[in-house]
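Novice: All letters in the sequence shown, in the order written, are residues 0 to 369 by numbering that gives the first Met the number 0. Heads up, the beta-carbon is just placed ideally off N, CA and C, and yes, glycines get one too. The structure is given below, and queries will be raised subsequently.
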Amino acid sequence: MNDAETVRVELGPRSYDVRIGQGLLARAGREIQPLLSRPKVAVVTDEHVAALHLDTLKAALAGIEVATLVLSPGEATKGWDGLRQATEWLLAAKVERRDLVIALGGGVIGDLAGFAAAILRRGVRFVQVPTTLLAQVDSSVGGKTGINSPHGKNLIGAFHQPSLVLADTAVLSTLPRREFLAGYGEVVKYGLLGDAGFFSWLERNGPALPAGDPELRNHAVVRSVAMKAAIVARDETEEGDRALLNLGHTFAHALEAATGYSQRLLHGEAVSVGCALAFDLSARLGLCPQEDPVRVRAHLRAMGMPASLADVPGDLPDAEGLLALMAQDKKVIDGRLRFVLARGIGAAFVADGIDIAQVRSLLKDSRAGY
Ligand code: NAD
Ligand code: GLY
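The following block contains the structure:
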């Protein structure tokens with residue numbers, strides 16, 4: 000299948016296309032060619048992705064000089080050491096202001112290589128070639144780049160929009176099922192935050208997605224990217240609406256901190272639990288119908304995803320401990336927790352100053368499991 004769909008991220012002079020379809024990696028040369036000022040690119044990737052997909056990209060870039068940096072896979076690479084390695088390597092590879100950096104990989108590589116591109120020579124252009132579902136539907140779009148600090152995740156970074164995103168949905172076939180499902184946590188998030196029809200579509204078609212139906216996968220990625228693109232176009236630097244993309248994330252960040260950002264709980268799995276909790280909280284506050292959190296949890300569980308604190312393997316801090324971790328989240332403003340809540344499926348909004356006692360009692364009940 001050679002057709003690709005295009006979602007445009009409208010940001011004035013920083014606008015770009017997100018191309019989505021099967022087989023785009025093998026056609027990357029043609030897609031990227033119009034952006035080149037000379038036949039040279041620098042590719043940053045990780046060992047897992049290099050072993051599976053780098054040869055296809057290199058073959059697609061025949062006739063173009065390709066320098067390649069292969070980094071260790073995993074979140075630990077997205078730190079100061081990884082950034083120094085990437086930027087010094089880009090300089091050694093003589094990447095110039097008008098050259099192009101290609102980030103081939105998941106969110107770790109996209110965030111790191113994007114940030115390296117943002118600060119190299121005060122900014123060079125880069126292309127995102129996301130290879131995880133999470134990166135295709137979320138991290139490769141919208142220009143958030145950065146690294147982690149010992150003080151917390153994603154605390155050092157810059158907005159630096161890519162010049163192009165190439166999301167080849169065929170590469171998702173090599174993704175471990177658990178990683179695919181973690182990315183699905185972000186897909187569900189889009190339905191929950193702004194498109195009830197899409198959530199219904201996911202209820203019907205979600206279970207077929209991990210198995211790999213190409214049409215269904217393309218639709219899920221295209222719809223997710225279109226929603227993100229529209230939100231980013233309205234609010235590039237998260238002064239308002241972009242915060243909606245953080246549905247479930249206040250809970251999720253606390254859970255990721257509590258589980259040490261480890262394989263015990265992947266980011267998308269934490270988002271899955273977080274979305275279920277956000278709907279529970281919304282129902283308890285009388286904001287949405289009681290049936291909505293039941294429906295959200297039922298779908299997540301049908302997908303084999305965690306949907307309550309009791310679904311997280313191993314011990315977790317008690318409700319007080321989790322509240323303390325939420326208070327460390329960088330989206331705390333003036334000491335008050337900010338949540339994205341919902342008036343129903345597909346109707347999220349940003350809520351400040353909500354009753355912490357309700358959050359505490361929800362966390363206690365969710366630990367007990369329901
Ligand atoms: P990741 O990049 O670590 O990839 C997960 C694993 O899958 C890695 O081991 C990787 O090597 C492997 N992998 C990647 N593509 C593969 C493929 N096609 N086949 C087989 N294996 C493959 O993790 P991720 O979930 O893609 O991204 C998580 C990161 O994204 C976090 O650092 C998070 O903070 C960041 N993030 C950023 C944004 C943003 O807006 N910039 C949004 C969400 C998440
Ligand atoms: N992943 C949240 C954002 O891009 O704003």
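#1: On a CA-only basis, which of Asn217, Asn147, Gly151, Val164 is nearest Ser172? Give me that one, please.
#2: How many angstroms separate the CA atom of Leu293 from the CA atom of Pro33?
#3: What is the DSSP secondary structure of Ala155, reduced to helix, strand or coil?
#4: Roughly how many whole angstroms lie between the Cα atoms of Ala157 and Leu284?
#5: Look at the alpha carbon of Ile108 and the alpha carbon of Glu87, and state the distance between them as a whole number of angstroms.
#6: Could you have a look at Tyr189 and say whether DSSP puts it in helix, strand or coil?
#7: Which value, in whole angstroms, describes the spacing of the CA atoms of Ser360 and Ala318?
#8: Taking DSSP as the reference, what is the three-state secondary structure of Arg366?
#9: If we ignore side chains and look at the alpha-carbon of each, how far apart do Ala166 and Arg342 end up?
#10: Do Arg366 and Leu265 have their C-beta atoms within less than 8 Å of each other?
#11: Sorted by chain position, which residues of the same chain lie with C-beta nearer than 8 Å to Met0's C-beta, five sequence neighbours on each side aside?
#12: Assuming Val311 and Val272 make a contact with CB atoms under 8 Å, what is their CB distance in whole Å?
#13: Tell me which same chain residues have a C-beta within less than 6 Å of the C-beta of Leu154, skipping the five on either side of it?
#14: In whole angstroms, what is the alpha-carbon distance linking Tyr15 and Cys274?
#15: Which whole-angstrom value describes the C-beta separation of Phe220 and Gln160, a residue pair presumed to lie in contact below a C-beta threshold of 8 Å?
#16: Which one of Glu30, Thr258, His298 has the shortest CA to CA distance from Lys188?
#17: Report yes if the C-beta of Leu244 is less than 7 Å from at least one heavy atom of ligand 3; otherwise report no.
#18: From this set, His150, Thr130, Thr131, Phe125, which residue's C-alpha is nearest Thr144's C-alpha?
#19: On the DSSP letters alone, give me the boundaries of the alpha helix (DSSP H) that Thr86 sits inside.
Specialist: If we stick to the structure as given:
#1: For the purposes of this step, residue 172 is taken as residue 173 along the sequence shown, with counting starting at 1. Looking at the Cα atoms, Asn217 is the closest of the given residues.
#2: Along the sequence shown, read from residue 1 onward, the residue named residue 293 stands at position 294. Along the sequence shown, read from residue 1 onward, the residue named residue 33 stands at position 34. One point to set straight first is that residue 293 is Val, not Leu, in the sequence displayed. Roughly 49 Å separates the two Cα atoms.
#3: Locating residue 155 in the sequence shown gives position 156, counting from the first residue. Per the sequence shown, residue 155 should be read as Ile rather than Ala. Look at Ile155 here: in three-state DSSP terms it is strand.
#4: Taking the sequence shown and counting its residues from 1, the one referred to as residue 157 is at position 158. Taking the sequence shown and counting its residues from 1, the one referred to as residue 284 is at position 285. Distance between the alpha carbons of Ala157 and Leu284: 36 Å.
#5: Numbered from its first residue, the sequence shown carries residue 108 at position 109. Numbered from its first residue, the sequence shown carries residue 87 at position 88. For Ile108 and Glu87, the distance between alpha carbons rounds to 16 Å.
#6: Indexing the sequence shown from 1 puts residue 189 at position 190. Correct three-state label for Tyr189: helix.
#7: Translated into the one-based positions of the sequence shown, residue 360 becomes position 361. Translated into the one-based positions of the sequence shown, residue 318 becomes position 319. So the alpha carbons of these two residues sit roughly 8 Å apart.
#8: The residue you call residue 366 lines up with position 367 of the sequence shown. Reduced to three states, the DSSP call for Arg366 is helix.
#9: In the sequence shown, counting from the first residue as 1, residue 166 sits at position 167. In the sequence shown, counting from the first residue as 1, residue 342 sits at position 343. It is roughly 32 Å from the alpha-carbon of Ala166 to the alpha-carbon of Arg342.
#10: As a working mapping, residue 366 is identified with position 367 in the sequence shown. As a working mapping, residue 265 is identified with position 266 in the sequence shown. No. Outside cutoff.
#11: Position 1 of the sequence shown holds residue 0. Here Met0 scores only 47 on pLDDT, less than 50, and its place in the model should not be relied on; the value that follows carries that caveat. Gly20, Gln21, Gly22, Pro213.
#12: The residue you call residue 311 lines up with position 312 of the sequence shown. The residue you call residue 272 lines up with position 273 of the sequence shown. Yes, they are in contact, since the Cβ atoms of Val311 and Val272 sit about 7 Å apart, within 8 Å.
#13: By 1-based counting over the sequence shown, the position of residue 154 is 155. Excluding sequence neighbours, Leu154 sits near Ser148.
#14: Locating residue 15 in the sequence shown gives position 16, where the first residue counts as 1. Locating residue 274 in the sequence shown gives position 275, where the first residue counts as 1. Each residue's Cα considered, the two are about 29 Å apart.
#15: Numbered from its first residue, the sequence shown carries residue 220 at position 221. Numbered from its first residue, the sequence shown carries residue 160 at position 161. The question names Phe, but residue 220 in the sequence shown is Val. Not quite, the Cβ-Cβ distance comes to about 19 Å (not below 8 Å), so this is no contact.
#16: Numbered from 1 along the sequence shown, position 189 holds the residue referred to as residue 188. Taking only the C-alpha atoms, the option nearest Lys188 is His298.
#17: What this structure holds is ligand 1 and ligand 2, not ligand 3.
#18: Taking the sequence shown and counting its residues from 1, the one referred to as residue 144 is at position 145. Minimum Cα distance to Thr144 is reached at Phe125.
#19: To locate residue 86, count along the sequence shown from 1; it is residue 87. Note, Thr86: alpha helix (DSSP H), 79-91.
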